[in-house]
Structure formats: C-alpha cells, structure tokens
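Chemist: In our numbering, the protein residues as written are 863 to 1200. We put the CB at the ideal spot given by N, CA and C, even for glycine. Sharing a structure, written as structure tokens. Questions coming.
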C-alpha cells in the first residue's frame, strides 16, 4: 500500500538530505499530472522541486525494473546535450532513484509550464515538436541495457473470442465489432509483419511524446517530461504515430498539421525512411486494434463500474480512430511517396 509522501515526513527529510534540496518551507502539495505515479511540489529555502513517488505496483525488488528507471532518466539527460529541452531527474553518485523502505522517489526541477489542449495546437507548435523529434533521432544514442517495449499482441483467435464475448454480453458496440472483424484480423496480421520489417532500424527515443508530455513555458519554449517510456524504436514508426497524434487523429483530423509535421521533421534532418512508411502505418493501425481489443475486454469483464465505463469510452474512441485511419492512410501514403 502506497503511503502518500505528505504522510511520510521521515522520507521527506531523507529526500531533502540525499538530494541536497534544502529545508522545506511549507507543506507538500499534491499536484495533477501523474497518471500512474504521484507527483508532489516541494518548496524549500533553496528552490522549488517536483517529486515523483513511484506507484505501488512497481516491484522495487526487481533489479531490471529499477534499472529501466535509471536508464530512461539517463536518456533524458543525454538528449539534453543534443539541444533537446528534456527535463531529467537529479542524480547523486550516478543514481537518479532513491529507494526508502518500500517506496521510491525521483526529484526534478519544478517548471512553471503547462501542456496544450488539443484544440490549442498550432502549426508553430507542430513545427517545433517535429524538429525536436529529428534531433532525438539524429542523436543516435547508445544506451546498453535499455530494452524495447514488449507489447501483448492480440492474435486472430483471441480477437474472434473477444468479439464473440462482447456479443454474448450484449456490448453496445458488438454489432460494429462483428461487422469489422475481418478488418481487425487483417490489420493485426499486417501489424505483425510490419513489426519485424521495422525492427532492424531503431534509435533510442522518448516513446510517448504526445501533447500531455510536452509542457510549454511560452509558445516557443517547450519542455519534454516523463521519459519513462524511452526505449529503442523505429524512428519512422514513431514520427508517423506522433504526426497523426499531433494533427488530431482521434478527434478532428487536421491534414495540414500532419503534412507540416512531416515536412518539419525531414527539414530538420530526421532519420525516418520513405521505404518504411507503409509498414509504419501498418504498425499504427495494428496498435489501435490491440488497444481496441484490450478495452473490449475491460468494458465487459470488470466488476469495477468506473473502469468498465472507461473501457467503453476507449472502445468508442479506438473504433472511430481505426475506421478514420482506414480511409485516410491510402491518401497519406500516396502523398508521402510523391
């Protein structure tokens, strides 16, 4: 069970001492932004800091899990030396993470900045983000021990079983799931082939750089946070994925933002390759099918009503996005090939 840091004054004192943060000047303040971990604002006589308290589902006895936290913070720090505005944790004796009993903490500088709402994203923001991606990919960081993400893939038989289960439970989307079952199976088959095709060209990158993980001090001062997903990945896949995300693929797709993202990335010297673009789109579509199926299961199996509702909302979002992409991808592919 996670003990909130504001109820753990002994830990707070040790954090301040270990990281040389100074003396606290007021009570810790819980802050929004931690979707998994808890975030706190600490004001001391020296400065203001953000403390990340790791969630209690992190196995602190798992040396590999701890090593990944250390390595991903090292990626952020390394990127900062390549003109990437990365926010990374404080480090003492080569270690970023402080473990205290059954809790663990990371400490960051506090920044007065905020993420953009999707409707506030402009061509200027997109140009800057795309150029940052290019710098990260160009850096070609070498981080021994950093592992690629291992995703659970929904094979065709599992997809069939989930769709049938949704029908048997009278899911609100069961008719659409059955209607598009052949499409889902085809997309997953293409996805699995594409993953293999792209696996020979990888770079270390952020891995989750959507709008919530970039804070803006001003319209031309972005800061990249939450590097926990940093890993080796295919740069073409990442840039196609993020170009779609930053141009609103899940809401009201703005094709000019997508085009601008790709242009800015290439102009800045990004490492994406045109001969990988079709496979990258196949990966994106397959990822969406996997997310859809995960949430189909979540929406009909859980006893937790709130989680069940969240699962249903994500089913609606994923289904709409897949169908939108199916219509858009052929045209986007033609443009990119020209």
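(1) CB-CB under 7 Å to residue 1122, same chain, minus the five flanking residues each way: which ones, in chain order?
(2) I'd like the span of the alpha helix (DSSP H) that includes residue 1197, first residue to last.
(3) Measuring CA to CA, which of 1035, 1032, 1006 is closest to residue 926?
(4) In the structure shown, what three-state DSSP assignment does residue 972 receive?
(5) Taking just the CA atoms, how far does residue 928 sit from residue 1093?
(6) Hey, could you find the ends of the beta strand (DSSP E) residue 1041 is sitting in?
(7) In angstroms, rounded to a whole number, what distance separates the CA positions of residue 1186 and residue 1097?
(8) Could you please give me the residues that DSSP links to residue 1098 through a beta bridge?
(9) Any idea what DSSP makes of residue 934, helix, strand or coil?
(10) Beta strand (DSSP E) containing residue 900: first to last residue?
(11) Could you have a look at residue 1080 and say whether DSSP puts it in helix, strand or coil?
(12) Which stretch, first to last residue, makes up the beta strand (DSSP E) that contains residue 920?
(13) Between which two residues does the beta strand (DSSP E) containing residue 1025 stretch?
(14) Could you check whether residue 1182 and residue 1151 sit closer than 9 Å to each other, using their CB atoms as the reference points?
(15) With DSSP run on the structure shown, which of helix, strand or coil describes residue 960?
(16) Consult DSSP for residue 1202 and reduce its assignment to one of helix, strand or coil.
(17) Relative to the C-alpha of residue 1133, which candidate in 946, 1001, 1115 has its C-alpha closest?
(18) Per DSSP, what kind of secondary structure is residue 1106 in: helix, strand or coil?
(19) Short check: CB of residue 1100 to CB of residue 999, under 9 Å?
(20) Please report the distance separating the alpha-carbon of residue 924 from that of residue 878.
(21) Helix, strand or coil: which one does DSSP assign to residue 1001?
Modeler: By the coordinates alone:
(1) 985, 988, 989
(2) 1167-1199
(3) 1006
(4) coil
(5) 15 Å
(6) No beta strand (DSSP E) holds residue 1041; the alpha helix (DSSP H) holding it covers 1036-1041.
(7) 23 Å
(8) Answer by DSSP bridge pairing: none, since residue 1098 is not bridged.
(9) helix
(10) 900-905
(11) strand
(12) Here residue 920 belongs to no beta strand (DSSP E), and DSSP marks it neither H nor E.
(13) No beta strand (DSSP E) contains residue 1025, which is instead part of the alpha helix (DSSP H) from 1018-1030.
(14) no
(15) strand
(16) The structure shown does not extend to residue 1202, since the chain is modelled only from 863 through 1200, so no value can be given for it.
(17) 1001
(18) helix
(19) yes
(20) 25 Å
(21) helix
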